[in-house]
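Trainee:
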Amino acid sequence: MHQLSIDFYSKKHSLIGLITSPTETLGSSPGMILCHPHPSLGGSMHNGLITSISKIGSESGIASLRFNFRGIGGSEGDFENGKNSNEDIKAAINLTRAWKGSGFDKNNIVLVGYSFGAGVILDNIKQFKHARCFILISPPISSLKNSRIQKDKRPKLFIAGQNDTISPSVEIQRELDKIKQPVKFSEIPNVGHTMEAEGNVVAEKIIQYLVGTVFK
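Just so you know, we're using our numbering here: the sequence shown kicks off at 703 and counts up by one.
#1: Considering just the uninterrupted stretch of the beta strand (DSSP E) at E889, what are its terminal residues?
#2: Determine whether the beta carbon atoms of L838 and K853 lie at a separation below 8 Å.
#3: Can at least three beta-carbon pairs, one atom from the stretch 771-781 and one from the stretch 795-810, be found at a separation below 8 Å?
#4: Is the CB-CB distance between I881 and I851 below 8 Å?
#5: DSSP on F818, reduced to helix/strand/coil?
#6: What does I839 pair with, by DSSP beta-bridge criteria?
#7: Given S756, which residues of its chain have a CB within under 7 Å of its CB, disregarding the five upstream and five downstream residues?
#8: Taking S756 as part of the alpha helix (DSSP H), name the residues at either end of that continuous run.
#9: Excluding the 5 residues preceding and the 5 following K847 in the sequence, name in chain order all residues of the same chain whose CB lies nearer than 7 Å to its CB.
#10: Exposed or buried, what is A794 when buried is set at 16 or more other beta-carbons lying within 10 Å of its beta-carbon?
#11: I'd like to check one pair, N865 with G894: are the Cβ atoms closer than 8 Å?
#12: In chain order, what residues of the same chain lie with their CB nearer than 8 Å to the CB of I827, ignoring the 5 residues before and after it?
#13: Taking the alpha carbon of M734 as the point to measure from, which residue in I868, K886 and S762 has its own alpha carbon closest?
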């Protein structure tokens, strides 16, 4: 596993990020862009679940970029409750596609969002045309109900905690009936909205899905 700290621009704001690649030689690998939870809940690129996904992905040959949205932990600008966080995700996608040093295969980029990060993806999904697949962990119900993902043909994996009272599993499953296939759902037993303690379990489910379904 090789890690590289980077700075990149979203509009005029410099954002900090960390690229994790399977080897020290930055070749071309499938890659995940990891979008963290809301900062009011301690969300940043160092969130335990986000870190676990990055680590286990690297061990399975999948690169990742995790970064702080603007206004969070060293990234410039104002957070403004995520008003322009979609621009930050687009900047991350553009970086991994255009810069060979990222180690990303530009045709195999996956967007992964946890809680707030999943909400930003759902709210702006049509803007992320270069994403091959979406992994949405504990997404906000309001974002899921109003998202254009319902008609999106790309592969989608939803993950929820069995005991989540913020993004209830049963409500997520109900909304999935309205979403165009292919879509898969996975419930994590005896877990609420905070999944850091089960980070390896969640990460392994994601990697198994990507290796067995998306990248096979």
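All residues carry an ideal CB built from backbone N, CA and C; glycine is no exception.
Mentor: Let me lay it out:
#1: Taking the sequence shown and counting its residues from 1, one reaches residue 889 at position 187. Per DSSP, E889 belongs to the beta strand (DSSP E) from V885 to I890.
#2: Locating residue 838 in the sequence shown gives position 136, where the first residue counts as 1. Locating residue 853 in the sequence shown gives position 151, where the first residue counts as 1. Not a contact, by the Cβ cut-off of 8 Å.
#3: no
#4: Sequence index remark: in the sequence shown, residue 881 carries index 179 (1-based). Sequence index remark: in the sequence shown, residue 851 carries index 149 (1-based). Result yes, Cβ atoms of I881 and I851 sit closer than 8 Å.
#5: Here residue 818 refers to the residue found at position 116 when the sequence shown is read from its first residue. Helix at F818.
#6: Along the sequence shown, read from residue 1 onward, the residue named residue 839 stands at position 137. Partner(s): Y816 and I861.
#7: Taking the sequence shown and counting its residues from 1, one reaches residue 756 at position 54. So the list reads T722, L736, S766 and R768, once near-sequence residues are dropped.
#8: As a position in the sequence shown, residue 756 is number 54, starting the count at 1. Start and end: G750 to E761.
#9: Taking the first residue of the sequence shown as position 1, residue 847 is located at position 145. Only E877 meet the Cβ criterion.
#10: Numbered from 1 along the sequence shown, position 92 holds the residue referred to as residue 794. A794 comes out buried.
#11: Position 192 of the sequence shown, counted from the first residue, corresponds to residue 894. Position 163 of the sequence shown, counted from the first residue, corresponds to residue 865. It is a contact, given that the beta carbons lie within the stated cut-off.
#12: Translated into the one-based positions of the sequence shown, residue 827 becomes position 125. Once the five neighbours on either side are set aside, the close Cβ partners of I827 are F836, S849, R850, I851 and D854.
#13: Residue mapping note: residue 734 aligns to position 32 of the sequence shown, counting from 1. Selected option, being the one with the closest Cα: S762.
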